[in-house]
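Visitor: Here the protein sequences come in this chain order: A and B. Sequential numbering of the first sequence, starting at 1, is according to the working numbering. Sequential numbering of the second sequence, starting at 250, is according to the working numbering.
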Amino acid sequence: MNQELLEIRHLHKSYGEHTIIKDLNLTVHKGEVIVVIGPSGCGKSTLLRCINALEPIQDGQICIGGESIHKDDKNISEKRQKIGMVFQSYELFPHKTILDNITLAPVKVQKRKRAEAEKEAIELLGKVGLSGRKDDYPRQLSGGQKQRVAIVRALCMHPEILLLDEITAALDPEMVREVLEVVLDLAKNGSTMIIVTHEMAFAKAIADRVIFLDQGEIVEESTNPKRFFENPETDRAKKFLDNFQYEKN
Amino acid sequence: MQSLGIDVLFKGKNFIRLMGGLWVAVRISLISVVISIVLGLLIGMLMTSGNKILKAVFRIYLEIVRIMPQMVLLFLVYFGTTRVFGWDLEAETSAIFVFSFWGTAEMADLVRGALISIPSIQYESARALGMKESQVFLLVILPQAVRRLIPLSINLITRMIKTTSLVMMIGIVEVLKVAQQIIEANRKASPNAAFGLFGTVFLLYFIICWPVSRLAAYLEKRWA
Ligand SMILES: Nc1ncnc2c1ncn2[C@@H]1O[C@H](COP(=O)(O)OP(=O)(O)O)[C@@H](O)[C@H]1O
Ligand SMILES: [Mg+2]
């Protein structure tokens with residue numbers, strides 16, 4: 001658990017004059033599950049998008065497996081294969097079947113044999129309880145099912161780290177569980193993940209480390225999620241959690 | 250009941266002449282449609298690249314095409330250029346030029362609209378899977394854009410086919426003109442020929458455009 005997988009040093013991200021992330025440092029080890037929480041607009045999505053080099057960064061460095069990654073890198077598409085990402089709005093490809101959604105990148109990007117990729121896709125679909133839906137189109141699935149497919153699609157590329165951006169935020173409450181269970185399973189099997197979520201009970205259960213982000217800065221960081229959620233050290237985190245509790249009730 | 254004037258249709262070579270005229274109309278629209286699709290796709294893609302000058306030039310082009318009646322364009326190109334530039338364009342070449350000029354502008358605008366209607370996060374989810382920019386475009390964005398494009402472009406294509414009836418104004422003997430000629434020639438013997446002949450022309454246009462619009466409806470349903 002001490003092999004460094006992702007290293008972010010002095011990350012600075014801004015849109016024009018507007019600074020979103022300032023001097024952020026974060027190291028993620030292999031097998032670690034990091035949960036990022038923080039108020040809306042504090043830069044959680046931006047952080048994940050920077051890690052995946054979907055956004056250019058203004059200063060600092062992001063390294064994945066010891067290799068620096070930047071949006072303008074020539075071989076950026078190869079580096080991105082090490083990073084899986086799941087979006088709040090699923091972002092399946094509507095013109096492809098479930099199976100083709102999953103195998104498209106393994107076949108076209110990684111040049112794997114179609115039969116082999118399909119075999120793995122079907123296996124993974126079975127694990128998330130969707131083996132019967134492989135020939136359907138995304139529009140035929142519920143939100144929870146689509147999100148499970150999106151997770152499988154990311155997994156089928158064998159990424160070294162998974163970035164999950166509020167993947168249950170768009171779901172009806174009764175579907176949240178089926179998605180979170182898949183993520184819990186991944187954690188149990190040693191996947192490295194950075195999870196942005198507002199599901200506090202889930203965060204508490206899954207996190208090896210919690211990071212509280214506010215106005216683009218890490219305000220509090222804790223390897224003891226239970227203690228963090230019950231008794232945060234900083235006032236800002238305390239205020240956020242209190243407000244959050246209040247909104248929920 | 251009066252004669253419907255259908256008999257004239259089968260006198261002598263009339264039917265074959267009519268079909269010949271139809272072929273002229275179909276040929277002009279077919280060539281123009283193919284040119285419009287190819288150029289429209291290219292220009293539509295360029296329009297989404299964000300170059301301000303290109304965009305401005307295209308807007309002016311599109312406005313001209315939309316404001317100008319096709320007939321005026323036809324006259325301008327066929328009669329106008331002969332005197333001013335000394336070009337001696339054939340009528341059919343002029344027609345194809347005008348129809349392609351029109352179709353390319355409309356098609357490019359449809360392509361542009363279809364492309365920008367694909368949300369940018371679809372690009373990102375494709376990139377996040379490690380796709381190169383060319384793969385993002387060819388495997389994810391373009392297929393979705395084409396699906397949105399097809400019903401609209403079929404509408405444009407049928408409009409183009411219908412509008413080819415204007416080309417007789419620059420002396421091209423297409424199906425409507427042939428019908429007129431046949432009616433003229435038989436004015437004495439079959440005064441009712443106008444109904445039968447124009448009715449037939451109507452049917453012919455229908456037979457050509459209907460499958461095209463059925464295809465659009467089918468694709469729209471399949472890709473909904
Ligand atoms: N493309 C963009 N251009 C300008 N500002 C942006 C852009 N994307 C996000 N922002 C701003 O960055 C801040 C952080 O956004 P985001 O990372 O999405 O927050 P979070 O995910 O924590 O809710 C917000 O203030 C948002 O308005
Ligand atoms: Mg967000």
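Heads up, the beta-carbon is just placed ideally off N, CA and C, and yes, glycines get one too.
Run down chain B in chain order and give the residues with a C-beta less than 9 Å from the C-beta of A:Val109.
Guide: Within 9 Å Cβ-Cβ: Leu378, Gly379, Met380, Lys381 and Gln384.
Visitor: Keeping to the same chain, check which residues put their C-beta closer than 8 Å to that of A:His10; ignore five residues upstream and five downstream.
Guide: Cβ within range, chain order: Asp23, Leu24, Asn25, Asp59, Gly60 and Gln61.
Visitor: Strictly under 8 Å for the Cβ-Cβ distance: is B:Val389 near chain A by that measure?
Guide: Yes, its Cβ sits closer than 8 Å to a Cβ of chain A.
Visitor: Give the interface partners of B:Ile370 over in chain A, defined as CB-CB distance under 8 Å, in chain order.
Guide: Result: Phe87, Ser89 and Glu91.
Visitor: Just the C-alpha distance for A:His12 and A:Thr27, rounded to the nearest angstrom, thanks.
Guide: Approximately 16 Å between the Cα atoms of the pair.
Visitor: Go through the residues and name those whose CB comes closer than 5 Å to any heavy atom of ligand 1, in chain order.
Guide: Ordered along the chain, the selected set is A:Tyr15, A:Ile20, A:Ser40, A:Gly41, A:Cys42, A:Gly43, A:Lys44, A:Ser45 and A:Thr46.
Visitor: Could you tell me whether any non-hydrogen atom of ligand 2 is closer than 7 Å to the CB of A:Asp235?
Guide: No, Cβ of A:Asp235 sits at least 7 Å from all heavy atoms of ligand 2.
Visitor: Between A:Leu163, A:Leu54 and A:Tyr137, which has its C-alpha nearest A:Ile102's C-alpha?
Guide: Closest by alpha carbon: A:Tyr137.
Visitor: Under DSSP, the beta strand (DSSP E) around A:Ser222 begins and ends at which residues?
Guide: First-last of the beta strand (DSSP E) with A:Ser222: Glu217 to Ser222.
Visitor: Kindly indicate if chain B contains any beta-carbon less than 8 Å away from that of A:Gln140.
Guide: No, A:Gln140 lies away from the interface with chain B (no Cβ there is under 8 Å from its Cβ).
Visitor: Could you check which residue in A:Leu186, A:Leu164, A:Ile76 and A:Leu6 has the C-alpha nearest to that of B:Glu382?
Guide: The candidate whose alpha carbon is nearest that of B:Glu382 is A:Ile76.
Visitor: Is it the case that the CB of B:Asp358 approaches a heavy atom of ligand 2 more closely than 7 Å?
Guide: Incorrect: B:Asp358 has no Cβ contact closer than 7 Å to ligand 2.
Visitor: Please say whether A:Glu166 and A:Val196 have beta carbons closer to each other than 8 Å?
Guide: Yes, the pair counts as a contact, with Cβ atoms nearer than the cut-off.
Visitor: Would you call B:Ile365 buried or exposed, if buried means 16 or more other Cβ atoms sit within 10 Å of its Cβ?
Guide: Under this definition B:Ile365 is an exposed residue.
Visitor: Do the stretch 395-410 of chain B and the stretch 277-286 of chain B make contact, defined as three or more Cβ pairs closer than 8 Å?
Guide: Yes: the two stretches touch, three or more of their Cβ pairs being nearer than 8 Å.
Visitor: Run down chain B in chain order and give the residues with a C-beta less than 9 Å from the C-beta of A:Gln147.
Guide: Those within 9 Å of A:Gln147 in chain B number zero; the least Cβ separation is about 13 Å.
Visitor: Once the 5 residues before and after A:Gly43 are set aside, which same chain residues still bring their CB inside 7 Å of it?
Guide: Cβ within range, chain order: Ile20, Ile21, Leu213 and Gly216.
Visitor: Who does A:Leu6 pair with in a DSSP beta bridge?
Guide: The partner list for A:Leu6 (beta bridge, DSSP) reads A:Val28 and A:Ile64.
Visitor: By alpha-carbon positions, which one of B:Ala465, B:Gln430, B:Leu303 and B:Arg436 ends up nearest to B:Leu267?
Guide: Taking only the C-alpha atoms, the option nearest B:Leu267 is B:Gln430.
Visitor: Write down the C-beta distance between A:Phe244 and A:Met200 rounded to the nearest angstrom, noting that I regard them as a contact closer than 8 Å.
Guide: 7 Å between Cβ atoms; contact.
Visitor: Is the CB of B:Leu373 under 8 Å away from at least one CB in chain A?
Guide: Per the sequence shown, residue 373 of chain B should be read as Glu rather than Leu. Yes, B:Glu373 lies at the interface with chain A (some Cβ there is under 8 Å from its Cβ).
Visitor: Give a yes or no on whether 8 Å exceeds the smallest Cβ distance from B:Arg396 to chain A.
Guide: Cβ-Cβ to chain A under 8 Å: yes for B:Arg396.
Visitor: When we look at the beta-carbon of B:Lys301 and count the other beta-carbons within 10 Å, is it buried (16 or more) or exposed?
Guide: When all chains shown are included, B:Lys301 counts as exposed.
Visitor: Are there 16 or more other CB atoms within 10 angstroms of the CB of B:Ala466, so buried, or fewer, so exposed?
Guide: Exposed is the call here.
Visitor: May I ask whether a heavy atom of ligand 2 can be found less than 7 Å away from the beta carbon of A:Asp214?
Guide: No; taking the cut-off as 7 Å, the Cβ of A:Asp214 has no heavy atom of ligand 2 nearer than that.
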